[in-house]
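Mapping the sequence shown onto this note's numbering, position 42 (from 1) lands on 46, and the numbers just tick up by one.
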Amino acid sequence: MKYQVFKSEINGTLKMIPSKSLTHRALISAALAKGESIIENPLYADDTLKTLEILKNLGASFLTHLDYIKVAGGNIKHSNVVLFAKESGSTIRFLIPVALLTEELEHFSLSPSLASRPFFVYEHLFKEHNIHFEKKGEDIFVKGPIYSGDYNIDGSISSQFISGLLFVLPILEGDSKIIVRNNFESKSYVELTINVLKKFGIKINMAENIIYIEGGQQYKNTQFTVEGDYSQAAFYLASAALGGSVTLLGLTKDSLQGDKKILEFLKEFGANVIVKDKEVTVEKGECRKVDIDISDTPDLGPILFVLGALSEEEFKISGIERLRYKESDRIKAMLENLDKVNAKYKLEENMITFYPSKLKGGIEVSSYNDHRICMALTILASHLKEGLIIDGIESVSKSYPTFFEDFNILGGKYATVKNENH
């Protein structure tokens with residue numbers, strides 16, 4: 005499906021959707037806790053619903069309401085059905101270790117794009133620990149048991165493998181250690197996992213690249229409120245930095261979400277950033293030269309590429325290599341689209357520099373079925389005189405089903421393209 009997105013003035017106030025990262029983590033923690041937990045303000049999107057569905061197949065019970073979920077957990081058992089992860093990398097990487105707790109053969113099924121993403125971190129790790137792991141095309145088969153011990157893991161591919169282990173190691177007999185070798189990428193996401201686990205009564209200590217996990221712990225049922233999502237907020241806040249003023253409600257001032265770093269990046273860009281207890285306002289300021297590193301916040305990559313392309317000053321982004329291992333090769337996908345609008349840039353190893361250029365819209369671009377690319381291109385289109393036609397807009401349902409409605413609330417203009425021969 006295609007939308008024509010027109011040049012728009014993005015201004016106003018919006019309640020930000022709940023965090024995808026926190027919803028995943030809270031659902032899993034609640035499923036591992038005996039008794040009833042309440043998750044308030046959960047995100048209902050394709051990815052989080054997949055996590056919920058697989059946890060249900062593994063023995064947890066859920067009662068879903070509009071603004072909260074009741075979870076009855078503490079009874080993980082063998083699933084008699086295939087576990088469909090669809091497109092969700094978080095879901096499968098978090099839940100593979102959880103599935104090992106059943107000590108039965110569990111069968112995960114992946115979409116083709118998810119199957120093409122890296123899983124060798126678990127493959128190598130499980131081989132070292134005599135855990136059955138087999139990947140056949142779009143299927144993964146695993147079988148526990150999993151035991152406590154020292155887990156030496158490559159941290160340069162995705163922090164999701166580390167978070168996955170953190171869900172299960174504390175409830176095993178005996179203490180464990182996770183030793184992270186190579187670069188510890190997206191460390192803030194591991195800190196986020198540790199913080200959620202703490203709310204459910206699990207204690208974990210991290211020192212530099214070693215994580216210490218005491219065994220024999222128990223998850224405690226609790227009430228957990230999901231805060232607003234900084235990853236998704238980044239799209240509207242970046243737009244405001246280019247022109248306009250946007251206030252987003254529900255963003256926690258002391259949030260541990262790594263993508264809160266967007267506020268630092270926008271300040272460096274020259275935007276006026278006003279942070280209050282539960283809201284953030286960004287207004288256009290005086291554009292400045294930028295040199296930022298996104299190795300800890302790769303999900304901000306697509307919108308920062310757009311910001312760089314539209315900047316009136318040189319805009320350098322380093323730490324971009326992991327963008328290649330997302331829902332699409334985000335470097336390739338973004339640059340193919342930005343080439344079409346005449347963006348000027350220099351791509352080097354793990355770094356890109358954008359130079360001021362006169363961009364031209366009025367053409368068709370592709371989301372590559374990637375939610376973050378679709379949202380980034382929407383913001384790009386709203387700042388181009390001729391706008392853009394964006395293909396694959398349904399991809400936003402993965403993480404932000406109401407993205408276009410919210411874009412409209414803030415003044416964004418778009419229309420469905422009915423003529424496929426456009």
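The beta-carbon is built from N, C-alpha and C at its ideal position, and this holds for glycine as well.
Simplified DSSP assignment, three categories, for Gly305: The residue labelled residue 305 in the question sits at position 301 within the sequence shown. Helix, per DSSP.
Where Glu44 falls: helix, strand or coil (DSSP): Within the sequence shown, residue 44 is the residue found at index 40, counting from 1. In this structure, Glu44 counts as strand in the three-state DSSP scheme.
Beta-carbon proximity list for Phe10, same chain, < 8 angstroms, skipping 5 on both sides: As a position in the sequence shown, residue 10 is number 6, starting the count at 1. Ala385, Ser386, Gly391, Lys417, Tyr418 and Ala419, listed in sequence order.
Ile14: CB within 6 angstroms of a non-hydrogen atom of the ligand ZN: For the structure depicted, the ligand ZN is absent and the ligand set is empty, with no information on it obtainable.
C-beta atoms of Asp263 and Asp303 nearer than 7 angstroms: Position 259 of the sequence shown, counted from the start, is the residue given in the question as residue 263. Position 299 of the sequence shown, counted from the start, is the residue given in the question as residue 303. In contact: Asp263 and Asp303 (Cβ atoms closer than 7 angstroms).
Contacting residues, own chain, Cβ-Cβ under 6 angstroms from Glu316 (five flanking each side not counted): Along the sequence shown, read from residue 1 onward, the residue named residue 316 stands at position 312. The answer, listed in chain order, is Cys291 and Pro360.
Which of helix, strand or coil DSSP assigns to Asn276: Here residue 276 refers to the residue found at position 272 of the sequence shown. Strand.
Three-state secondary structure assigned by DSSP to Ile413: Position 409 of the sequence shown holds residue 413. Secondary structure at Ile413: helix, using DSSP grouped into helix, strand and coil.
Segment limits, beta strand (DSSP E) that includes Lys140: Translated into the one-based positions of the sequence shown, residue 140 becomes position 136. Looking at the DSSP string, the run of the beta strand (DSSP E) that includes Lys140 is His136 to Lys140.
Beta-carbon contacts of Ser55 that lie in its chain and below 6 angstroms, excluding the five residues immediately before and after: The residue you call residue 55 lines up with position 51 of the sequence shown. A small fix is needed here, since residue 55 is Thr in this sequence, not Ser. Excluding sequence neighbours, Thr55 sits near His28, Leu31 and Thr95.
Spatial distance of Tyr72 from Gly232 (CA atoms): Here the question's residue 72 lines up with position 68 in the sequence shown. Here the question's residue 232 lines up with position 228 in the sequence shown. Each residue's Cα considered, the two are about 14 angstroms apart.
Every unbroken beta strand (DSSP E) inside the region 374-422 [3 residues or more]: 392-395 and 418-420
Selection from Phe228, Lys191, Asn199 and Gln222 that minimises the alpha carbon distance to Glu430: The shown model of the chain, from 5 to 426, leaves out residue 430, and the question about it has no answer.
Among Ser152, Arg97, Asn346 and Leu173, the one whose alpha carbon lies nearest that of Ile161: For the purposes of this step, residue 161 is identified with residue 157 of the sequence shown, where counting begins at 1. For the residues Ser152, Arg97, Asn346 and Leu173, the minimum Cα distance to Ile161 belongs to Arg97.
Leu18 - containing beta strand (DSSP E), residue span: The sequence position of residue 18 within the sequence shown is 14, counting from 1. Residues Gly16 to Lys19.
Reduced DSSP category for Gly499 - H, G, I as helix; E, B as strand; rest coil: Residue numbering for the chain in the displayed model covers 5 to 426; residue 499 lies beyond these limits and cannot be assessed.
Closest by C-alpha distance to Phe273, when choosing among Val102, Lys293, Asp258 and Gly16: Numbered from 1 along the sequence shown, position 269 holds the residue referred to as residue 273. Of Val102, Lys293, Asp258 and Gly16, the residue nearest in Cα terms is Lys293.
Inter-stretch contact (C-beta, 8 angstroms, three-pair minimum) for the region 133-148 and the region 178-194: no
Run of the beta strand (DSSP E) containing Ile73, from where it starts to where it stops: Residue mapping note: residue 73 aligns to position 69 of the sequence shown, counting from 1. Here the beta strand (DSSP E) through Ile73 covers Tyr72 to Gly77.
Residue environment, Pro22, which counts as buried when at least 16 other CB atoms sit within 10 Å: Residue numbering aside, residue 22 sits at position 18 when the sequence shown is read from its first letter. Pro22 should be labelled buried.
Beta-carbon proximity check, Val310 vs Ala245, cutoff 7 angstroms: Position 306 of the sequence shown, counted from the first residue, corresponds to residue 310. Position 241 of the sequence shown, counted from the first residue, corresponds to residue 245. Against a cut-off of 7 angstroms, the Cβ pair of Ala245 and Val310 comes out as no contact.
Alpha-carbon spacing of Val194 relative to Glu398, whole angstroms: The sequence position of residue 194 within the sequence shown is 190, counting from 1. The sequence position of residue 398 within the sequence shown is 394, counting from 1. Distance between the alpha carbons of Val194 and Glu398 is about 30 angstroms.
Cβ neighbour criterion (16 or more within 10 Å) applied to Asn427: Nothing can be reported for residue 427: it is not among the residues displayed for the chain, which extend from 5 to 426.
Pair within 7 angstroms by beta-carbon distance, Val99 and Ile58: Numbered from 1 along the sequence shown, position 95 holds the residue referred to as residue 99. Numbered from 1 along the sequence shown, position 54 holds the residue referred to as residue 58. For clarity, residue 99 is Leu in the given sequence; the question names Val instead. It is a contact, given that the beta carbons lie within the stated cut-off.
Under 7 angstroms between C-beta atoms of Asn108 and His133: Your numbering for residue 108 matches position 104 in the sequence shown. Your numbering for residue 133 matches position 129 in the sequence shown. First, the residue type needs correcting, since residue 108 is Glu and not Asn in the sequence shown. No; because the gap between Cβ atoms is not below 7 angstroms, this pair is not in contact.
Selection from Ile43, Thr68, Leu62 and Lys90 that minimises the alpha carbon distance to Gly78: Along the sequence shown, read from residue 1 onward, the residue named residue 78 stands at position 74. Ranking Ile43, Thr68, Leu62 and Lys90 by Cα distance to Gly78 puts Leu62 first.
Cβ distance (whole Å) where Lys344 is taken to contact Ile377 below 8 angstroms: Position 340 of the sequence shown, counted from the first residue, corresponds to residue 344. Position 373 of the sequence shown, counted from the first residue, corresponds to residue 377. Not quite, the Cβ-Cβ distance comes to about 13 angstroms (not below 8 angstroms), so this is no contact.
The region 148-165 in contact with the region 12-21 per 3-pair CB rule at 8 angstroms: Note that the region 148-165 does not touch the region 12-21; fewer than 3 beta-carbon pairs, one per stretch, sit closer than 8 angstroms.
C-alpha gap between Tyr126 and Leu170, whole angstroms: Counting from one through the sequence shown, the residue named residue 126 turns up at place 122. Counting from one through the sequence shown, the residue named residue 170 turns up at place 166. Roughly 13 angstroms separates the two Cα atoms.
Ser243 vs Thr197 beta-carbon contact at 7 angstroms: Start at 1 with the first residue of the sequence shown, and residue 243 comes out as number 239. Start at 1 with the first residue of the sequence shown, and residue 197 comes out as number 193. Not a contact, by the Cβ cut-off of 7 angstroms.
Helix, strand or coil at Arg326 according to DSSP, with G and I counted as helix: Here the question's residue 326 lines up with position 322 in the sequence shown. In the displayed model, Arg326 falls within a helix according to three-state DSSP.
The region 331-346 touching the region 405-413, judged by at least three CB pairs closer than 8 angstroms: no
Cutoff 7 angstroms; reference Leu327; Cβ partners in own chain excluding five residues on either side: By one-based count along the sequence shown, residue 327 stands at place 323. So the qualifying residues of the chain are Pro302, Gly305, Arg334 and Ile335.
Rounded C-alpha distance that separates Phe319 from Lys257: As a first step, residue 319 is located in the sequence shown; it is residue number 315 there, counting from the start. As a first step, residue 257 is located in the sequence shown; it is residue number 253 there, counting from the start. Each residue's alpha carbon lies about 27 angstroms from the other.
Cutoff 7 angstroms; reference Pro101; Cβ partners in own chain excluding five residues on either side: Taking the sequence shown and counting its residues from 1, one reaches residue 101 at position 97. For Pro101, where only same-chain residues beyond five positions count, the Cβ hits under 7 angstroms are Ile150, Gly168, Leu169, Phe171 and Val172.
Supposed contact pair Thr52 and Lys24 - C-beta distance, whole angstroms, cut 8 angstroms: One-based indexing of the sequence shown puts residue 24 at position 20. One-based indexing of the sequence shown puts residue 52 at position 48. About 6 angstroms; that satisfies the 8 angstroms criterion.
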